[in-house]
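Have a look at the structure below, then the notes.
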Amino acid sequence: MVGPPATPLTFGRYEALFHVASGGMAEVFAARLRGPHGFEKLVAVKRLLPSLSDEQFVTMFLDEARLAANITSPHVVQTLELGRADDDGALYIVMELVVGATLFDLCVTSLDHLGATPIAAMVEIVAQAALGLHDAHEARTPTGQPLHVVHRDVSPQNILVGLDGRVRVTDFGIARAVLRHTHTRAGQLKGKVAYLSPEQAAGEALDRRSDVFALGVVTWEALTGRSLFNTGDPVETVRRVREIRIPNVRELRHEVPEEVDRVVAWALQRDREARCPSAAEYAAALRAALPSRPSTAELSALVAEHGGENLARIQEQISEIHAGGDRTVMRPPPERSGPRIVPEAEPEERLIGPSERPPPPAPPPPQPTAAPPKQRDLSTHLVTPERLEVSMGRSRPMPRRGGLKLALVLGVLAWVGAAAVAWWALGSGGSSREGPVLRDPGGAEP
Ligand SMILES: Nc1ncnc2c1ncn2[C@@H]1O[C@H](COP(=O)(O)OP(=O)(O)OP(=O)(O)O)[C@@H](O)[C@H]1O
Ligand SMILES: [Mg+2]
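As structure tokens, this is what we get:
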């Protein structure tokens with residue numbers, strides 16, 4: 019018997035053109051809005067997995083996402099629209115399409131190509147991301163009420179660098195809703211706990227300084243090419259966030275200028291009172307720490323050269339569309355569709371990680387639009403300071419040890435525990451409140 023045919027994937031007025039990338043809780047598509055007289059606009063649509071669509075989550079998510087719509091900054095990905103799919107109820111966010119690379123991709127590709135990340139470019143990218151965060155921290159309602167926005171999920175995957183040489187931060191407010199959601203899977207937390215601030219890990223009230231700390235971790239990693247806290251095991255990662263001695267960047271990479279090292283260490287102070295107080299000050303201090311800063315054209319060239327395979331694929335697809343090619347993402351027929359439109363590719367284990375992790379689930383059959391496999395966290399690319407004996411770059415995968423079964427069982431148990439820890443730490447943030455982060459003027463955002 020032949021089932022119903024596949025249908026074009028649409029999001030309200032937007033038709034999906036190709037798959038851009040997938041994250042732990044969502045898929046991102048390039049989509050097109052067609053208007054009268056040949057008007058066309060390409061956008062990015064982030065489709066959250068349908069499991070994240072029960073009423074409690076939807077309310078929380080929409081409250082947070084409405085907040086993000088109040089942020090205007092050249093260094094924040096612009097949110098254009100929010101919606102909910104008619105057929106499966108999946109939430110989606112329509113946003114500016116950034117043709118470029120994530121800071122994560124740039125780090126990995128430049129480590130591969132050059133053996134190290136370019137210091138000045140990394141510093142400038144983080145400085146621009148800090149400016150975006152600062153604009154968000156300062157965001158107000160149209161009537162001037164401060165919103166006390168805290169991003170909560172600053173990570174190298176959420177920092178996009180466009181081919182235009184401009185840096186934008188994305189995913190504002192989403193973390194809060196996702197992490198409070200009872201069905202959030204441990205796998206979706208894996209990358210997130212690596213950038214927790216100590217106060218987040220302790221479940222305390224948060225303010226903008228929490229994002230400064232997370233950006234400090236991002237800077238540390240971008241400059242050293244190693245992961246600071248991440249071990250791939252969320253419970254151990256959270257312990258490290260709270261306890262380990264944080265090495266100075268120059269202990270791992272001597273050519274980083276002393277002043278840059280000092281500024282990064284300032285952002286990484288566990289004591290909030292001693293930490294760099296705002297993202298704007300962090301940006302200014304980073305820029306002042308370098309003799310000269312890379313131009314927009316230089317950042318653009320860096321992205322063009324080291325943006326990675328995903329960027330090359332996206333550029334190709336956009337060229338085809340501009341040349342009049344018809345590309346449409348088809349929604350698989352209901353009997354074949356899982357939670358994702360594009361099945362998850364098997365993670366690529368190119369480089370060594372600090373810990374043995376459970377293998378990914380068996381990959382579903384490949385689809386023609388599937389993006390190349392994408393690494394979900396830095397731990398498999400970058401090694402922890404304790405493992406300096408392991409070379410960075412093209413190291414061979416760690417041989418599978420005996421007792422793997424036991425390790426897997428322990429791993430799964432640890433992950434379930436971690437889900438609880440991180441839900442408490444990130445989601446509740448010490449607050450009994452849910453919903454919008456709209457606060458009384460002057461009130462700290464819990
Ligand atoms: N506006 C955008 N324009 C272009 N590419 C984007 C845009 N937003 C996201 N992407 C790409 O899609 C990927 C997946 O995004 P998504 O936010 O779902 O996952 P993530 O940030 O990698 O991880 P997480 O699930 O923790 O948020 C990003 O890493 C990035 O490569
Ligand atoms: Mg993201």
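For reference, each letter of the sequence shown is one residue, going 19 to 464 in the working numbering. Where a beta carbon is used, it is the ideal one built from N, C-alpha and C, also for glycine. Only a predicted model underlies this, so the values are computations on that prediction, with no experimental measurement involved.
| Query | Result |
| --- | --- |
| Run the CB neighbour count on I262, radius 10 Å, all protein chains shown included, and call it buried at 16 or more, exposed below. | exposed |
| Quick check on the burial criterion: 16 or more other C-beta atoms within 10 angstroms. Buried or exposed for Q175? | buried |
| Please identify the residue among H166, V256 and W284 whose C-alpha is closest to the C-alpha of I89. | H166 |
| Between the Cα of V95 and the Cα atoms of R186, F122 and E327, which residue gives the shortest distance? | R186 |
| Take D104 as the anchor and find which of I332, G30 and E276 has the nearest alpha-carbon. | G30 |
| From what residue to what residue does the beta strand (DSSP E) around H37 run? | Y32 to S40 |
| Less than 8 Å between the CB atoms is what I'm expecting for G183 and A315, so what's the real figure, rounded? | 6 Å |
| Name the DSSP beta bridge partners of P467, please? | Here the chain comprises residues numbered 19 to 464, so residue 467 is not present and cannot be evaluated. |
| Let me know the secondary structure DSSP gives M140 once reduced to three states. | helix |
| Going by other Cβ atoms of all chains shown within 10 Å of its Cβ, with 16 needed for buried, is R260 buried or exposed? | exposed |
| Name the DSSP beta bridge partners of V63, please? | F47 and V112 |
| Per DSSP, which residues does M348 bridge with? Please list them. | P26 |
| Have a look at P26 and E33 and give me their C-alpha separation to the nearest angstrom. | 7 Å |
| Measuring from the CB of L286, is there a heavy atom of ligand 1 at a distance below 7 Å? | no |
| Shorter than 7 Å, the distance from the beta carbon of V211 to the closest heavy atom of ligand 1, or not? | no |
| With distances taken between CB atoms, is the gap from F231 to A285 smaller than 8 Å? | yes |
| Tell me, please, whether the segment 33–44 touches the segment 71–83 by the rule of three or more beta-carbon pairs shorter than 8 Å. | no |
| Would V321 pass as a contact of V179 if the rule is Cβ separation under 8 Å? | yes |
| Which of the three DSSP states is assigned to I177 in this structure? | strand |
| With a cut-off of 8 Å, do at least 3 Cβ pairs link the segment 294–313 to the segment 134–152? | yes |
| To the nearest angstrom, how far is the alpha carbon of R358 from that of S128? | 30 Å |
| Specify, as a first and last residue, the run of the beta strand (DSSP E) that V267 falls within. | Not the beta strand (DSSP E): V267 falls in the alpha helix (DSSP H), residues V267 to L270. |
| From what residue to what residue does the beta strand (DSSP E) around G119 run? | Per the sequence shown, the amino acid found at residue 119 is Ala instead of Gly. Unbroken beta strand (DSSP E) run through A119: G118 to T120. |
| Quick one: does the C-beta of N176 sit closer than 7 Å to a heavy atom of ligand 1? | yes |
| How should A307 be labelled, buried or exposed, when 16 other C-beta atoms within 10 angstroms of its C-beta is the threshold for buried? | buried |
| For A341 and V116, I'd like the C-alpha separation in whole angstroms. | 20 Å |
| Just to confirm the assignment: which complete beta strand (DSSP E) runs, minimum length 3, are found wholly within the segment 231–261? | none |
| Decide if H131 is buried, meaning its Cβ has at least 16 other Cβ atoms within 10 Å, or exposed. | exposed |
| Looking at T97 and ligand 2, is the gap between the Cβ and the nearest heavy atom below 7 Å? | no |
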